[in-house]
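Q: Residue numbers (the working numbering): 3 to 76. Here a beta-carbon is modelled for each residue, glycine too, at the ideal position from N, C-alpha and C. What you are looking at is a predicted structure, and each value in this text was computed from that prediction instead of being measured.
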Amino acid sequence: MPPQMKAYPDGLEILPLPRDLPDPGVSATAVRAGVAAPARPLDAAHLGRILFLGAGVVRSGERDGRRIPRLTAS
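(1) Between the C-alpha atoms of D22 and A47, what's the straight-line distance to the nearest angstrom?
(2) Could you check what DSSP says for R21 in three-state terms: helix, strand or coil?
(3) With A9 as the anchor, note down where its alpha helix (DSSP H) starts and where it stops.
(4) Consult DSSP for R51 and reduce its assignment to one of helix, strand or coil.
(5) Considering only the beta carbon of each residue, do G50 and L19 sit closer than 8 Å?
(6) Excluding the 5 residues preceding and the 5 following V33 in the sequence, name in chain order all residues of the same chain whose CB lies nearer than 7 Å to its CB.
(7) If you draw a straight line from the alpha carbon of G13 to that of A35, how long is it in whole angstroms?
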């Protein structure tokens, strides 16, 4: 069975992403109705939002000294 996630070599720089997700500037119901969100440059906060919502990681835990992600049901 393949690994659950990609492994990276030790010693790479870790870039912490913001934990507070930015307001997208438009409600979910407006987007569903076809209203476009205003264009903004992609910064660390927006990248964190995309990765968090896209990957489905809702929390993480630790077992035997290893970080274990908890994913939403797909």
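A: Taking the definition as stated:
(1) 8 Å
(2) coil
(3) Element bounds for A9: n/a, residue is neither H nor E.
(4) helix
(5) yes
(6) A39
(7) 46 Å
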